[in-house]
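Scroll down for the structure; my scribbles are underneath it.
Residue numbers (the working numbering), protein chains in the order written: chain A, 29 to 353; chain B, -17 to 247.
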């Protein structure tokens, strides 16, 4: 079942076309990512889906309600986490949740239990009564994320959920996001311009200049690069290259005294290659193409990433903790 | 769009309660609400009385003459200050949390007006409670009337403040407008000197100043038992006329504030 249905959605700001003829569906329970550089139209799309901005043309449905005609119903079925903080810093964490519950009509018998549960989920239960002003950036973010889902929304929109946070904190935030998605069975719609973060999504829409240039799972998108990259050195690179070309893939070349072969299903090819290759293998490495490679291939330009090395670190951190399938 | 009536009321109460919570947690505002009356009544009232000697031989006291003006101006101040919370909420992001909620703008504006009224009334009660220290004798029977006018004024001024706040991006900008409005409104309302023998331009401004009617209305109540001849020198309109004008001004401002919020964002 599709929880979000978008048909030919367009938004213009005078001459500028921020979002152009965008169509896609998001299935219930999915983690759906919008990936693109700053100014690509990600936030504009979220704003239209959250009824904060009227589309110039086209139509979208969230949880079965039209974002144009049924705005209140849409608002009740979604949670929103903005790029910038929208917490009341003079209030405690619990008070922030309580006021949110009131705005969304969550009965007081429910929200007390629910607040506690959610605060525990993001390890903030001990700080429930503390003023938000004294919270760290990461703690505020965690609180905002759980506040966004306090009223049992069907979809939680996260606009750049980790922007402005240090890599360590970003990794932790992701850890919580994935935990929430798993435990609460909620659909997540998020935007990011961090390529490594997009990999946590079930599906990604790559957006550039207001248009969707590709939409697929991270793995499928990576396949568009042509497959996995195997780099190896052997006793005789020239003969090996010929052998690989004949038996495995035509896409093979020698680069810096190494054989570089692009293959499908590298995981299965690698052991076969070692077994069948007549030459002795001295070293071999299998690398999957990154979304950087995908974005470059799809748009012809590199996405601007603020801290690629740091991003890489956070990804590894999460992998190590077993959050990536 | 279909709104949920119960949810609207809950949200209205929510916005109100949050402002009150902020107010009572802010120690400086609580202290100011006590210090301000002391300053106005003690320093301004008592000091000016001995310097000018207004009211001597006329059958009323200068502090008594000033008292309605002081209630009106302090109420104006706190009510305007309450509407500034919209601007600070915008600056700190919380306004977004309110604006994305499944709630109509009318409930948001109404909630803010209730908090303006509450804080305005709180201030008026403080003033009345502290007035005996300065030798003022206010009839118990006059208190409901005084609070009623203070309530109407708080409603009108908070609405006006919200109209301004709906278009303001920074608290500094609002403070500027605040000064720009507060002082002319205060001085040209008859709060501190009668506006009977002043140049025509001053009279015109004071006639369109809602505070004039609040001051006049409050004086109507304070000088209830005073002889007609004395009353005529300090009171311009009837109490009913004063109340009606404040309400009319308030309703126009409320309408404009609501309209302005609906258009913005």
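Think of the CB as a built atom: it goes at the ideal place given N, C-alpha and C, for glycine as much as any other residue.
Exposure label - residue 214 (chain B); buried when at least 16 CB within 10 Å = exposed
Cβ contact (3+ pairs, closer than 8 Å) linking the segment 49 to 67 of chain A and the segment 103 to 122 of chain A = no
Name the DSSP beta bridge partners of residue 326 (chain A), please?
-> The partner list for residue 326 (chain A) (beta bridge, DSSP) is empty, contrary to what the question assumes.
At a cut of 8 Å, does the segment 222 to 242 of chain B reach the segment 132 to 148 of chain B through at least three beta carbon pairs?
-> yes
Where the segment 115 to 140 of chain A meets chain B: residues whose CB sits under 8 Å from a CB there | 115, 116, 117, 118, 119, 123, 127, 128, 130, 131, 132 and 133
Would you mind telling me which residues of chain B sit closer than 9 Å to residue 163 (chain A), beta carbon to beta carbon, in chain order?
-> By Cβ distance, chain B contributes nothing, its closest Cβ being about 14 Å from residue 163 (chain A), past 9 Å.
Got a sec: is the Cβ-Cβ distance from residue -7 (chain B) to anything in chain A below 8 Å?
-> yes
For residue 112 (chain A) and chain B, any beta-carbon pair shorter than 8 Å?
-> yes
Expressed to the nearest angstrom, what Euclidean distance is found between the alpha-carbon atoms of residue 98 (chain A) and residue 32 (chain A)?
-> 14 Å
Endpoints, beta strand (DSSP E) assigned at residue 311 (chain A) | 309 to 315
If you pair each beta-carbon of the segment 105 to 125 of chain B with each one of the segment 18 to 25 of chain B, do three or more pairs fall below 8 Å?
-> yes
Where does residue 83 (chain A) land, buried or exposed, given buried means 16+ other C-beta within 10 angstroms?
-> buried
Whole-angstrom distance between residue 327 (chain A) and residue 311 (chain A), CA atom to CA atom | 34 Å
Does any residue of chain A bring its CB to less than 8 Å from the CB of residue -4 (chain B)?
-> yes
Measure the C-alpha to C-alpha separation of residue -10 (chain B) and residue 71 (chain B) and round it to an integer number of angstroms.
-> 20 Å
Are there 16 or more other CB atoms within 10 angstroms of the CB of residue 100 (chain B), so buried, or fewer, so exposed?
-> buried
What are the start and end residues of the beta strand (DSSP E) that includes residue 215 (chain A)?
-> 215 to 220
When the Cα of residue 325 (chain A) is compared with those of A:267, A:110, A:266 and A:252, which residue comes out closest?
-> A:252
Does any CB atom of chain A fall closer than 8 Å to the CB of residue 263 (chain B)?
-> Any property of residue 263 (chain B) remains undetermined from this structure, which presents chain B solely from -17 to 247.
Going by DSSP, which residues form a beta bridge with residue 286 (chain A)?
-> A:283
Looking only at its own chain, which residues have a Cβ that is under 7 Å from the Cβ of residue 229 (chain A), when we skip the five neighbours before and after it?
-> 59, 60, 61 and 246
Residue-level contact to chain E via CB, residue 103 (chain A), 8 Å cutoff = Going by chain labels, chain E is absent from the structure shown, which instead holds the protein chains A and B.
Residue 236 (chain A): which of A:131, A:30 and A:50 sits nearest, CA to CA?
-> A:50
DSSP three-state assignment for residue 1 (chain B), whether helix, strand or coil | helix
Neighbour flag for residue 156 (chain A) against chain B, beta carbons, 8 Å = no
Tell me the DSSP bridge mates of residue -14 (chain B)?
-> In DSSP, residue -14 (chain B) forms no bridge with anything.
Residue 80 (chain A) and residue 82 (chain B) look like a contact to me (Cβ under 8 Å); what is the Cβ gap, rounded to whole Å?
-> 6 Å
Have a look at residue 39 (chain A) and residue 148 (chain A) and give me their C-alpha separation to the nearest angstrom.
-> 40 Å
What does residue 94 (chain B) reach in chain A if we use C-beta pairs closer than 8 Å?
-> Residues of chain A passing the Cβ test: none, with the nearest at roughly 14 Å.
If we call anything under 8 Å between Cβ atoms a contact, is residue 46 (chain B) one with residue 204 (chain B)?
-> yes
Span of the beta strand (DSSP E), counted from its first residue to its last, around residue 41 (chain A) = 30 to 41
Taking the beta strand (DSSP E) that residue 87 (chain A) falls in, what are its first and last residues?
-> 85 to 90
Under 7 Å by beta carbon: chain B residues contacting residue 80 (chain A) = 82
Applying the criterion that 16 or more other CB atoms from any shown protein chain within 10 Å of the CB defines a buried residue, is residue 289 (chain A) buried or exposed?
-> buried
Between residue 45 (chain A) and the rest of its own chain, which residues show a CB-CB distance below 6 Å, the 5 nearest in sequence each way excluded?
-> 238
Nonlocal neighbours in the same chain, by C-beta distance under 7 Å from residue 338 (chain A), ignoring five residues either side = With a pLDDT of 46 at residue 338 (chain A), under the threshold of 50, the modelled position of this residue cannot be trusted, and the question is left open.
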